[in-house]
Amino acid sequence: MMEEVKDVSAGSVHGDTIKVTEVLQDGDTLTFIIVSQKLSGTGEYHVDRTYDDFEWLQQHLYTQEDVPGIQGVIFPPLPVRPQVNASAKVMKQLGFLALGEWQPYCRALETFLQQVVAHRLLSKNPALELFLTSADPPGRQKIKKNLFNRLSQAMEEMRKEGHKDVDEFFQTVRDQNLQLTGSSRTAAEKFLDVVLTEQKIAVACGHFSAALHLCVEPGQDPDHKAFSRVCVKLSEVFDSMRKSMMSFSLNDLNTLGLGLDLESRHLEAEKEMLFRRTCKLVELESARRNAERAKPVRKAAMEEVKKASETEFEQICEVAKQEPLSARPCGNAAEESDSVV
Amino acid sequence: MNAYMAYKVSTKTSLSVFKQRDFSVKRRFSDFLGLHSKLASKYLHIGYIVPPAPEKSIVGMTKVKVGKEDQSSNEFVEKRRSALERYLMRTVKHPILLKDPDVLQFLENSELPRAVNTQALSSAGILRMVNKAADAVNKMTIKMNESDAWFEEKQQHFENLDVQLRKLHASVESLVCHRKELSVNTAQFAKSAAMLGNSEDHTALSRALSQLAEVEEKIDQLHQDQANADFYLFSELLGDYVRLITAVKVRGVFDHRIKTWQKWQDSQVLLLKKREAEAKLQFTNKPDKLQQAKDEIKELEGKVQQGERDFEQISKIIRKEVGRFEKERVKDFKTIIVKYLESLVQTQQQLIKYWEAFLPEAKAIS
Chain A
1 MMEEVKDVSA
11 GSVHGDTIKV
21 TEVLQDGDTL
31 TFIIVSQKLS
41 GTGEYHVDRT
51 YDDFEWLQQH
61 LYTQEDVPGI
71 QGVIFPPLPV
81 RPQVNASAKV
91 MKQLGFLALG
101 EWQPYCRALE
111 TFLQQVVAHR
121 LLSKNPALEL
131 FLTSADPPGR
141 QKIKKNLFNR
151 LSQAMEEMRK
161 EGHKDVDEFF
171 QTVRDQNLQL
181 TGSSRTAAEK
191 FLDVVLTEQK
201 IAVACGHFSA
211 ALHLCVEPGQ
221 DPDHKAFSRV
231 CVKLSEVFDS
241 MRKSMMSFSL
251 NDLNTLGLGL
261 DLESRHLEAE
271 KEMLFRRTCK
281 LVELESARRN
291 AERAKPVRKA
301 AMEEVKKASE
311 TEFEQICEVA
321 KQEPLSARPC
331 GNAAEESDSV
341 V
Chain B
1 MNAYMAYKVS
11 TKTSLSVFKQ
21 RDFSVKRRFS
31 DFLGLHSKLA
41 SKYLHIGYIV
51 PPAPEKSIVG
61 MTKVKVGKED
71 QSSNEFVEKR
81 RSALERYLMR
91 TVKHPILLKD
101 PDVLQFLENS
111 ELPRAVNTQA
121 LSSAGILRMV
131 NKAADAVNKM
141 TIKMNESDAW
151 FEEKQQHFEN
161 LDVQLRKLHA
171 SVESLVCHRK
181 ELSVNTAQFA
191 KSAAMLGNSE
201 DHTALSRALS
211 QLAEVEEKID
221 QLHQDQANAD
231 FYLFSELLGD
241 YVRLITAVKV
251 RGVFDHRIKT
261 WQKWQDSQVL
271 LLKKREAEAK
281 LQFTNKPDKL
291 QQAKDEIKEL
301 EGKVQQGERD
311 FEQISKIIRK
321 EVGRFEKERV
331 KDFKTIIVKY
341 LESLVQTQQQ
351 LIKYWEAFLP
361 EAKAIS
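Chains A and B, in that order, give the protein sequences.
Take the first sequence: its letters are residues 1 to 341, numbered as in full-length UniProt numbering.
Take the second sequence: its letters are residues 1 to 366, numbered as in full-length UniProt numbering.
So this is what it looks like as structure tokens:
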């Protein structure tokens, strides 16, 4: 596939230039400043948005009714709601994003926006343009919760997750995704532990350095003076160890930490898409059965339902195949799948 | 449970007081305690700072005796071995103690009579505990007229030193604990990175992740070694000094000096009383009682003089000892710190090497 230069833009904004430059804290509320370059080259858009605004945008993306097969889209993942003075549970959910004074969190939001703008189907959503360019925050009214909401994956729906696929290509993708999602989440958690421990060590070095400083003894006794000198020098060494450890930990956080977090959340989003497709598959199979068994009176109606289901499923598969899937099984499978449905 | 751990004590010497130049003996932990006990009873009360023996640990030793072959038992034995070595080194560095026949015997004799009074729960052990309590009470009730500013200053100095060293010790322990934690976490991350590497389809990425896992494993080992260095060098040293200072302060030489002073004062008071009594007797007609009184006075005068001499002697010895202690302390700390810094530098250099080796792999991903 030739690498084509994509014009990444949403309406009037140049996608690659979207930056979350600042985060302001007012009591418990966090406000993010988003800067993006105008496509026309005449300047920048500066807007301030809260997490509620991001959720508003996300909801609008989910409910794009006019795009066929929208359920096949891997929606760019929005990070969990940030909390100032978060509880332990929320800290665990946020993981790396809770650290580093919200800088990694800003990077995550940035990535979210950039991915939305870059998506061929999502970038055309008018809500996106409003979000990025309107001086006033976009409407904060809550729209109805829809079936994309993760919370609606009720327990009985979990059965469907294991439903055998009709398409070898997608079965492979699903299996691969399952493995990857687990591994990457574990890797992210373990690395978080490493980063947190590095920070603890930095703090302990600081304490030791301070304690050494207290060992300086007054007086003219040459032995005392020698001891004091040694203590001061060692105190300086440990202080620089503290700084070095802190910078290790920050660096780890901003590079591999953030990377693992983004990867892990992207895989989750892919999992959700695959699940939606699987649910549709189950629906389709059940519609077929109904159409077969229907009494003549109901037959026509059932056929209609079956047809609609088939079309929707095909559209979803089409869209899904063009998404950046984590697994790309060898070419043959992709060709075969068209004939199976 | 008749099994016990024996430690091999090897000496290399050029001193003529020893029969050979290079020899080894086997000693039990209780032998070390026995040695310390003898030295303390001989030298502490005249003002010599006798290094304290390592502490007993009933829990730790029981686990080892029961034959548990695990990490913590090995660590315990190594810790103890290291402590015993430091104890002996400190003891023989002392010019007076080195000449003591008990020390020489300890180092040279192939067989030593078993020191039985060192067990924690023996009657002797309990007696020691009672004595400790009694001493503590005594210390509070003796008020000495300190005529020598040097001693007052030194007392204060050791109080301060004690507080500082304890703080340092606590800091280092916390640091060691976190380093060990880091080593564990790094190892776990290495495992999870390896798993992720195995799951990934994209081969360059997969290879890179596996390499990353390997690097992290090596780093984990480094962290462990660093933790050990922190521990053995610093933490143990600080612990030793905290215990040493206790030997100086409480039940230590300063205390004995106060006791010596007290004895001297008591004799003086007694002498005064006897003199008064004698003066009274002068006016009564009891010649033999008078003679007795005069004899007693003569004896007491001798005691008082001896008391004064003892007091001056112990003061002199303590001054010398404290001077030697301070010099040793500075030297000890300097040596350890140099060793520690060297190990730090090495660790950092090794870390850099590992990461530099990994960099080309990482760059090859795309």
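Ideal Cβ placement from N, Cα and C applies to all residues, glycine included.
Only a predicted model underlies this, so the values are computations on that prediction, with no experimental measurement involved.
Per DSSP, A/Phe112 is one residue of the alpha helix (DSSP H) stretching across Gln103 to Ala118. Taking the Cα of B/Ser24 as reference, the smallest distance to any Cα among B/Ile297, B/Ser110, B/Glu216 and B/Phe76 is reached at B/Ser110. Using a C-beta cut-off of 8 Å, the segment 23-33 of chain A makes contact with the segment 46-53 of chain A, since at least three inter-stretch Cβ pairs fall below that distance. By the Cβ neighbour-count rule, A/Phe208 is buried, with 16 or more other Cβ atoms within 10 Å of its own. B/Tyr7 sits in a strand when the DSSP states are folded into three classes.
Contact between B/Ala247 and B/Ile49 holds, since their C-beta atoms are separated by about 6 Å, short of 8 Å.
Taking C-alpha positions only, B/Ile46 is separated from B/Lys316 by approximately 10 Å.
The segment 228-243 of chain A makes contact with the segment 201-220 of chain A; the number of CB pairs closer than 8 Å reaches 3 or more. Using a Cβ distance threshold of 9 Å, A/Asn177 and A/Leu262 do not count as a contacting pair. Chain order gives no chain A residues near B/Gln346, where near means a beta carbon separation below 8 Å; the closest approach is about 14 Å.
Of the candidates A/Lys38, A/Ala118, A/Ser123 and A/Val237, A/Lys38 places its Cα closest to the Cα of A/Val13. Restricting attention to alpha helix (DSSP H) runs no shorter than 4 residues, the segment 202-272 of chain B encloses them at 203-229 and 236-248, ordered along the chain. In terms of beta-carbon proximity, A/Met91 stays away from the interface with chain B, with every pair separated by 9 Å or more.
Counting of Cβ neighbours within 10 angstroms places A/His46 among the exposed residues, the total staying below 16. Taking C-alpha positions only, B/Asp266 is separated from B/Phe311 by approximately 13 Å. When C-beta atoms of the segment 178-194 of chain B are compared with those of the segment 332-340 of chain B, fewer than three pairs fall below 8 Å, so the two segments do not count as touching. A/Val216 carries a coil assignment under DSSP once its states are collapsed to helix, strand and coil.
Around the beta carbon of B/Tyr4, a 10 Å sphere encloses fewer than 16 other beta carbons of the protein chains shown; the residue is thus reported as exposed.
Residue-level contact by beta carbon fails for A/Gln171 and chain B, as no gap is shorter than 9 Å. A direct Cα-to-Cα measurement between B/Pro54 and B/Asp288 gives close to 58 Å. In the DSSP assignment, A/Asp26 falls within the beta strand (DSSP E) that extends over Lys19 to Asp26. A Cβ of chain A is located within less than 9 Å of the beta carbon of B/Val330. In the structure shown, A/Ser36 adopts extended strand secondary structure according to DSSP, grouped into three states. According to DSSP, A/Glu44 shares a beta bridge with A/Gln37. Not a single C-beta of chain A is nearer than 9 Å to the C-beta of B/Thr246. Here DSSP, grouped into helix, strand and coil, assigns B/Lys12 to strand.
In terms of Cβ geometry, B/Glu308 and B/Lys274 do not form a close pair [threshold 9 Å]. Separation of the CB atoms of A/Ser309 and A/Ala287 is rounded to 4 Å, and the pair is thereby assigned contact status at 8 Å. Distances from the alpha-carbon of A/Ser235 to those of A/Phe131, A/His213 and A/Asp221 put A/His213 closest. With a cutoff of 9 Å on beta-carbon distance, A/Val20 and A/Leu130 are scored as not near each other. Under the three-state reduction of DSSP output, A/Ser228 falls in the helix class. Here the alpha carbon of A/Ala301 sits roughly 13 Å from the alpha carbon of A/Arg289.
If you ignore the 5 residues before and after A/Pro79, its C-beta comes within less than 6 Å of the C-beta of Leu97 and Ala108, all in its own chain and listed in chain order. Between A/His207 and chain B, the shortest Cβ-Cβ separation is below 9 Å.
In the three-state reduction of the DSSP assignment, A/Asp16 falls in the helix class.
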